Amino acid sequence: MSRPSTLIPILAAAFAATFPLSARGQSATAPVVIRSFPHDRTAFTEGLVLFEGKLFESTGLEGRSTLQRSEIATGKLEKKIDLDPAFFGEGLARVDRRLYQLTWKNGTAIEYDLDTFVERRRFTYAGEGWGLCYDGQSLVMSNGTDRLSFRDPETFGEIRSLKVVSGGQPLFNINELECVKGQIYANVWQTDRIVAIDSKTGKVLSEFNAAGLLSAAERQGVDVLNGIAYIPESGNFYITGKYWPKLFEVTLGAPPKPTVVAPPKVAPQIKPGCSLGHVGGSEGYFAFPALLALAGFRRLAARARALTG
Ligand SMILES: [Ca+2]
């Protein structure tokens, strides 16, 4: 087992720093990779949630959809249930100790007990279900359009909707979501874009390009980027994708501060006014040779006096 390497990806991300201006006229920054972990290569990831150090994941495809929980460090699957084969699993969000899972075209949201995965309730909604997150008051849902829907977790009824705008243009195909402190992070379907949306205005505030995360070899057989989970302890994020072999821990936004390098030690200097009688501390190194030199001078002077006298 290899330990996660941190230096190389950080250096690579630093070189990748800023991508050219996107089509929307906004700069897209590369996520800075802190480390990576194994991810379930068979998971068609549709929803990603972190809670109490565990990764909760909703996976899609008809007949293969699941709700699962895994260990971050090893990717080891700890708990998994299969959905009704007719359901195509989509976005996932946590409210207290409950999980809400969307379905794509089945018009059904399923509420589970977080610990047991036992189903508690079902809700119905119109249109498609894509991504889901919880902002502490409302569930926020995407559906493939440029609108986010804010819903009451108790009824799943819509409270308000929000039009998402990037560079003055509507932003469509908003997929997996993560609610973080007044912003909604989202990846845009079929792209490597991650956007941070102001939850009040709908404006895209910042944008990230995750294109460089997987190597060419790792990209073989994978599907698109999909899956963002916030890590409250560090302010970092876990991101992954459909069939991706890795879960990446990244920073989005300000890169970590550079390591402070201690200045080289400077050779001690004789302080002005240092007395010869003060032999102690760094001054002692210079006072002692000076005393020897003075003693030698006195001996020479005494011999000169003896010879001339
Ligand atoms: Ca998420």
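Here the sequence shown stands for residues 14 to 322, where the numbers follow the numbering used here.
Built from N, CA and C at the ideal position, the CB exists for glycine as well.
Everything numeric in this text was worked out from a predicted model, so none of it was measured.
Beta-carbon gap between residue i and residue j smaller than 9 Å
i           : j           : result
residue 147 : residue 122 : no
residue 136 : residue 82  : no
residue 217 : residue 179 : yes
residue 88  : residue 57  : no
residue 74  : residue 102 : yes
residue 94  : residue 262 : no
residue 170 : residue 219 : no
residue 52  : residue 259 : yes
residue 117 : residue 142 : yes
residue 41  : residue 186 : no
residue 65  : residue 79  : no
residue 108 : residue 183 : no
residue 44  : residue 214 : no
residue 177 : residue 161 : yes
residue 241 : residue 207 : yes
residue 110 : residue 257 : no
residue 149 : residue 192 : yes
Identity of the residues DSSP links to residue i by a beta bridge
i           : result
residue 182 : 179
residue 220 : 41, 208
residue 95  : 79
residue 203 : In DSSP, residue 203 forms no bridge with anything.
residue 4   : The structure shown has nothing for residue 4, since the chain only spans 14 to 322.
residue 110 : DSSP lists no partner for residue 110.
residue 198 : 191, 209
residue 51  : 259
residue 168 : Note: residue 168 sits in no beta bridge, so no partner.
residue 102 : 116
residue 214 : DSSP, once it has assigned bridges, lists no residue as partnering residue 214.
residue 264 : 45
Residue-chain proximity (residue i, chain C), Cβ-Cβ < 9 Å
i           : result
residue 146 : Absence of chain C from the displayed structure is noted, only one protein chain being present.
Rounded Cβ spacing between residue i and residue j (contact assumed at less than 8 Å)
i           : j           : result
residue 105 : residue 112 : 6 Å
residue 190 : residue 144 : 4 Å
residue 196 : residue 212 : 6 Å
residue 251 : residue 61  : 7 Å
residue 84  : residue 72  : Rounded, the Cβ-Cβ distance is 17 Å, inconsistent with contact.
Would you check if there are 3 or more beta carbon pairs closer than 8 Å linking the region 124–131 to the region 155–164? no
Let me know the beta strand (DSSP E) ranges lying completely inside the region 112–153, each 3 residues or longer, listed in chain order. 121–126, 132–137, 145–147
Do the region 225–244 and the region 198–206 touch if we need at least three Cβ pairs shorter than 8 Å? yes
Give, in chain order, every unbroken run of the alpha helix (DSSP H) that is at least 4 residues long and sits entirely within the region 227–253. none
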